[in-house]
Amino acid sequence: MPLSFARHTLPLARLVIRRFLADNCRQAAMVLTYTTLFAVVPVMTVVFSILSAIPSLQHVSGDIQNFVFQNFIPSTGAAVQERLQDFSQQARGLTTIGIAILFVTALMLLVTIEKAFNQIWKVHHERKGVVSFLRYWAVLSLGPLLLGAGFAISSYLASIHLFSTAASAFSGAVPGLQLIPFVSTTLAFTLLYVAVPNCKVPLKAGFLGGLLAALLFELAKKGFGLFVSQFSSYTLVYGAFAAFPVFLIWIYLSWMIILLGVEITRAIAVYRHTSMAQRHPVLAMLDILQLFWRKQQGGGAVSDVEAMSILGKKEVENWFQFADILQRERIICRTDAGGYVLARNLEQIQFSDFYRNLPWPLPSAADLENLHDDDHWVAALKPALLRVNATIDTELSISLASILREDGTESGNEVSA
């Protein structure tokens, strides 16, 4: 069991690290940190304005704010919280135009997050128009309402004498009561990883990615708090402003963990521990097209995960290139739900026209032997490809010297000075 776990986990971990570096996640975290600095006050203002608009939720806004800063930000959060509260209170006195600008700034953060997630998932088509706006609006409006409702219910339960007595009696013995911040972080990350990318993300992969990211987040919070408490020399340099550079570093570290969680989610969704052969790209793409053809018979669409599920371990990364080529040739198109469907009748597309626009040569005889067990469709193509390869070998059996002589260049001539 341990050997099997290591055999599957270590390659997965290497894939995550390799993709984290290749996708420039550190630079993306910098961009998100910069955007967060401008958006944190607008987001707080929008959230608490929505809560204040509902009388039954007005009393929980302070509880939510304290909960976030106490459980999701290290020990420097108190100083930052005080100043952000001042900024947010001042922002609530803005005019309608000012509030609209704050709302747009909050939307910019969500757009930047989606772009970063789509880059990791290799999705080149972002949500546009009404669909995009409604999704962002749901996050900014329903999110605070659900959070406020949760705290309102918690406050109501805490006010019940029997419940509060039991909670005080067993709070030290029931570890589940201390897991609320961790569970909240896991659920928040899971929601981010599943809902934000403009592609279908398996819920299981999103949950596992959210769980691992939440664990890393808790470890980072403990370690960062220890670092701040032990190495306080930065206060001599920054004085009263010392909390802000520390807060800035924490935001950057948080985004690094969040983006790493996206990479973990994607790796779990696409990783294959099977040893299926790596086929010639043209053959792998034809296998993909057979999947589309079968799906079309039932009127269904193909998701990214479904397409990658029929590819070998070393072929998975090629799927997004395949999808781009097939969309460019207008053979498939993307649906509003994030899947793909055939856009043309395959009966009307000749293989000669299809491969001519591909960036790879025709498969060789050796490539035709390097197949998956279920690639039965290749039987209709294999004889033609073998004949073409044989013809190429015969017709091009001519020396380079002969080609150069026929071009007018004499063999053995030296270049004169």
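With our numbering as the guide, the letters of the sequence shown map in order to residues 197 to 613. Built from N, CA and C at the ideal position, the CB exists for glycine as well.
Given a threshold of 16 other Cβ atoms within 10 Å of its Cβ, counted over all protein chains shown, does residue i qualify as buried or as exposed?
| i | result |
| --- | --- |
| isoleucine 599 | exposed |
| phenylalanine 394 | The residue asked about is misnamed: residue 394 is asparagine in this sequence, not phenylalanine. Answer is buried; the Cβ neighbour count reaches 16. |
| isoleucine 376 | exposed |
| cysteine 221 | buried |
| isoleucine 545 | exposed |
| leucine 358 | With a pLDDT of 43 at leucine 358, under the threshold of 50, the modelled position of this residue cannot be trusted; read the value that follows with caution. Flag for leucine 358 reads exposed. |
| proline 238 | buried |
| threonine 205 | exposed |
| glutamate 543 | exposed |
| aspartate 549 | exposed |
| phenylalanine 420 | buried |
| proline 559 | buried |
| leucine 233 | exposed |
| alanine 219 | In the sequence on display, residue 219 carries aspartate and not alanine. When all chains shown are included, aspartate 219 counts as buried. |
| serine 360 | Note on serine 360: pLDDT 49, under 50, position unreliable in the model; the coordinate value appears next. It counts as exposed. |
| isoleucine 594 | exposed |
| phenylalanine 216 | buried |
| glutamate 565 | exposed |
| arginine 552 | exposed |
| serine 425 | exposed |
| leucine 305 | buried |
| phenylalanine 423 | exposed |
| lysine 324 | exposed |
| alanine 302 | buried |
| glycine 496 | exposed |
| leucine 415 | exposed |
| proline 477 | buried |
| tryptophan 556 | exposed |
| valine 584 | exposed |
| isoleucine 213 | exposed |
| glycine 535 | buried |
| glycine 402 | buried |
Hey, could you find the ends of the alpha helix (DSSP H) residue i is sitting in?
| i | result |
| --- | --- |
| arginine 524 | 515 to 524 |
| isoleucine 588 | 578 to 591 |
| phenylalanine 552 | Just to set this straight, residue 552 is arginine in the shown sequence, not phenylalanine. Taken as a continuous stretch (DSSP letters only), the alpha helix (DSSP H) holding arginine 552 covers 547 to 552. |
| alanine 410 | 399 to 426 |
| leucine 479 | 477 to 493 |
Just to confirm the assignment, what range does the beta strand (DSSP E) spanning residue i have?
| i | result |
| --- | --- |
| leucine 538 | 536 to 538 |
| isoleucine 376 | Where isoleucine 376 is concerned, there is no enclosing beta strand (DSSP E), although the alpha helix (DSSP H) it sits in stretches over 376 to 391. |
In this structure, does DSSP put residue i in helix, strand or coil?
| i | result |
| --- | --- |
| arginine 162 | The chain is shown from 197 up to 613; residue 162 falls before or after that span and cannot be answered. |
| cysteine 221 | helix |
| valine 498 | strand |
| arginine 530 | strand |
| lysine 318 | coil |
| asparagine 609 | Model confidence at asparagine 609 stands at a pLDDT of 49, short of 50, so the residue's coordinates are unreliable and nothing is read from them. |
| glutamate 511 | coil |
| serine 560 | coil |
| histidine 572 | helix |
| methionine 240 | helix |
| leucine 567 | coil |
| lysine 396 | coil |
| arginine 215 | helix |
| alanine 296 | helix |
| alanine 597 | helix |
| tyrosine 448 | helix |
| isoleucine 506 | coil |
| alanine 235 | helix |
| glutamine 544 | helix |
| alanine 473 | coil |
| tyrosine 467 | coil |
| glutamate 459 | helix |
| proline 555 | coil |
| leucine 306 | helix |
Should residue i be counted as a contact of the ligand MG given a C-beta to heavy atom distance under 7 Å?
| i | result |
| --- | --- |
| phenylalanine 216 | Judged by which ligands are present, the structure shown has none, so any question about the ligand MG falls away. |
Handout entry: Three-pair Cβ contact test at 8 Å for the segment 439 to 459 versus the segment 306 to 320
Key = yes
Problem - the segment 209 to 229 / the segment 438 to 455 touching (three or more Cβ pairs under 8 Å) - result: yes
Practice task
For the segment 568 to 576 and the segment 478 to 493, state whether three or more C-beta atom pairs, one from each stretch, are separated by less than 8 Å.
Solution key: yes
Problem - Validate contact between the segment 487 to 505 and the segment 388 to 402 using beta carbons, cut 8 Å, 3 pairs - result: yes
Handout entry: the segment 379 to 394 contacting the segment 403 to 416, beta-carbon criterion three pairs below 8 Å
Key = yes
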